[in-house]
Structure formats: structure tokens, C-alpha cells
Amino acid sequence: MRNQLKWLAAIAWPVFLAGTANAQIVAKEITFKSGDEAIKGFLATPEGKGPFPAVIVIQEWWGLNDWIKDNAKEFAKKGFVAFAPDLYRGQVTDDMKVASQLRKGLPNDRALRDLKAAVDTVAAHASVDKSKIGSIGWCMGGQYSLQLALADPRITACSICYGAVTSDEAKLKTLNARVLGIFGEADTGIPAAGVREFETSLKKLNKDVEKINIYPKAGHGFMRPTNGPNPNPVYSKADADDAWRQIFLFFSKSLKK
């Protein structure tokens, strides 16, 4: 009975998770304002007063699932406030057809409004250094990571993980962020040739490019170990491990922890 009471007490409070270097984090769902809407997001924060740098963590087309939340927690363990806004208003799936429908039903202007509101939310957070905010996303979220950086100059470090990019120099002129790209040569949806054109355009405009990685045998979604309850057939552990190493180094350096 005593053990049961201890267990009930433990789940009644925010979850504290051990991380690297004995770091402690708090992870919880919060509600924030996007325009006239009250929407939800997943916030993971290091324990302590900070000030900490912050990263906006942007979902794939599956929704704000456990993998995205786990990624936010990993950033918090590394000393970042990580915030993942729920762009689908609570809808999550591991069915590709449903994910496609959800993606098509997401208005681009609403998504960008939500993402800017997420930046507002972390910038106003008591433990965040509002001059040190970055963004990262995968697949659909990778595309939105770039779009957010183009639309909001407060984003000073932007990681794009196999998201759609552009080589249009007129669109890229507003970019204020250092860029890290994570792509796969075998990704048929995001052709490597277009990624190289994107890199060329960034360099022509003298934008700050950390590195544009194109992993030779990697396909789309290679960083994600599972598809829902099932193994992800394109997961590449070696490439994913290298990508994560570069990502954490990039944000630590770019946001000057």
C-alpha cells in the first residue's frame, strides 16, 4: 500500500527526468495563444533559473507524437528550453494516408502564425534568453523550420532535417539564422540536387551556413527509429547518430550557451 501511494504521488506532479551530466528537466503540456486561439504545446525545460537558449521543435506530418516530445526532452537535457507547438490541434497518427490528409488540411498561414506564437511564448518565458532562439524540424517540420526562420528574425539558428527547401534568392534574403541541413541522398521527395541548389543560393547571398549534410545512402525520415509501434525501415542509426551529434553541437555553438 505504501509503495502504491508513493507511485500515485509521483504521477500527480510534473515529470522530472534525468539527463546527461545529471541534468534534471521538467516536461509538460501548456496552453498558449496563437492569434485568437488557445492552443497547446509541449514544453521541456532544464531545471534552474537560466537564462537558457531556446529551440522551437517542429513536428513531422504525423503530428505532435512521442518521438517529437522525446526530442524536445533531449534538448532540455542539453540545457535548452524546448517548445513543440501542436500544429494539428491534438491529432496524431501513424497511418500515412491520414498523415497526408492532415498535412494537406494544415493552412500554411495558420502554421506560421502558430510557430511565431511559439517564439513569442519562449521569448516571454522567465528562464529564456530571448536573444538566443533556434528552430528545428523534420520532414514537414523541416520545411517549417526554414519558413519560420525566413519569417521571424528572432530565429538565429535553424536546423532543417529533410524538409523542403528553396533556391529562390529573393525568398532567402530575409534569412537571419545560421543554417544546418540534414538530408539524404536517397530521399526521392527532397531531391539532393535541389538541396545543393539551396546551399549554392545561401552562399551567394553570404548567408551563414554551418553545413549542409547529404548522407549518401539515407532516405526520407532516416533519423526516426520507428513508425508508430513498428520499426522504421529507412532508419539509419549511424547516420542518425552523426546527425544528432552535429545538431547539438550546432545549437550549442550558434546559440552560445
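In the numbering used here, the protein residues as written are -8 to 248. Every residue gets a Cβ at the ideal spot worked out from N, C-alpha and C, and that includes glycine.
{"Asked": "Just to confirm the assignment: which complete beta strand (DSSP E) runs, minimum length 3, are found wholly within the segment 90 to 142?", "Found": "119 to 129"}
{"Asked": "Tell whether a beta-carbon distance below 8 Å holds between residue 316 and residue 36.", "Found": "Absent from the structure is residue 316, since the part of the chain shown begins at -8 and ends at 248."}
{"Asked": "Any contact of the segment 171 to 180 with the segment 200 to 212, i.e. 3+ C-beta pairs under 8 Å?", "Found": "yes"}
{"Asked": "Have a look at residue 219 and residue 129 and give me their C-alpha separation to the nearest angstrom.", "Found": "16 Å"}
{"Asked": "According to DSSP, simplified to helix, strand and coil, what is residue 242?", "Found": "helix"}
{"Asked": "Distance, Cα to Cα, residue 1 vs residue 79?", "Found": "With a pLDDT of only 32 at residue 1, under the threshold of 50, the placement of this residue in the model should not be trusted, and no figure is reported."}
{"Asked": "Quick one, are the C-beta atoms of residue 242 and residue 46 less than 8 Å apart?", "Found": "yes"}
{"Asked": "Going by DSSP, what residue range makes up the beta strand (DSSP E) through residue 25?", "Found": "15 to 25"}
{"Asked": "For residue 112, count neighbouring Cβ atoms within 10 angstroms of its own Cβ and tell me buried if that reaches 16, exposed if not.", "Found": "buried"}
{"Asked": "Measure the Cβ-Cβ separation of residue 96 and residue 132 and say whether it is below 8 Å.", "Found": "no"}
{"Asked": "Just reading off the alpha helix (DSSP H) that residue 65 is part of, what are its end residues?", "Found": "57 to 68"}
{"Asked": "Would you call the CB atoms of residue 223 and residue 236 closer than 8 Å?", "Found": "no"}
{"Asked": "Cutting at 7 Å between CB atoms, please list the residues of its own chain near residue 105, excluding the five before and the five after it.", "Found": "25, 30, 76 and 78"}
{"Asked": "For residue 51, report the span of its alpha helix (DSSP H) as first-last.", "Found": "Residue 51 -> no alpha helix (DSSP H), and no H or E assigned at all."}
{"Asked": "Going by beta carbon distance, what residues of the same chain come within less than 6 Å of residue 125, once the five residues before and after it are set aside?", "Found": "46, 148, 242 and 246"}
{"Asked": "Between the alpha carbons of residue 226 and residue 67, how many angstroms are there, rounded?", "Found": "24 Å"}
{"Asked": "Hey, could you find the ends of the alpha helix (DSSP H) residue 191 is sitting in?", "Found": "183 to 195"}
{"Asked": "Going by the beta-carbon positions, is the gap between residue 193 and residue 142 smaller than 8 Å?", "Found": "no"}
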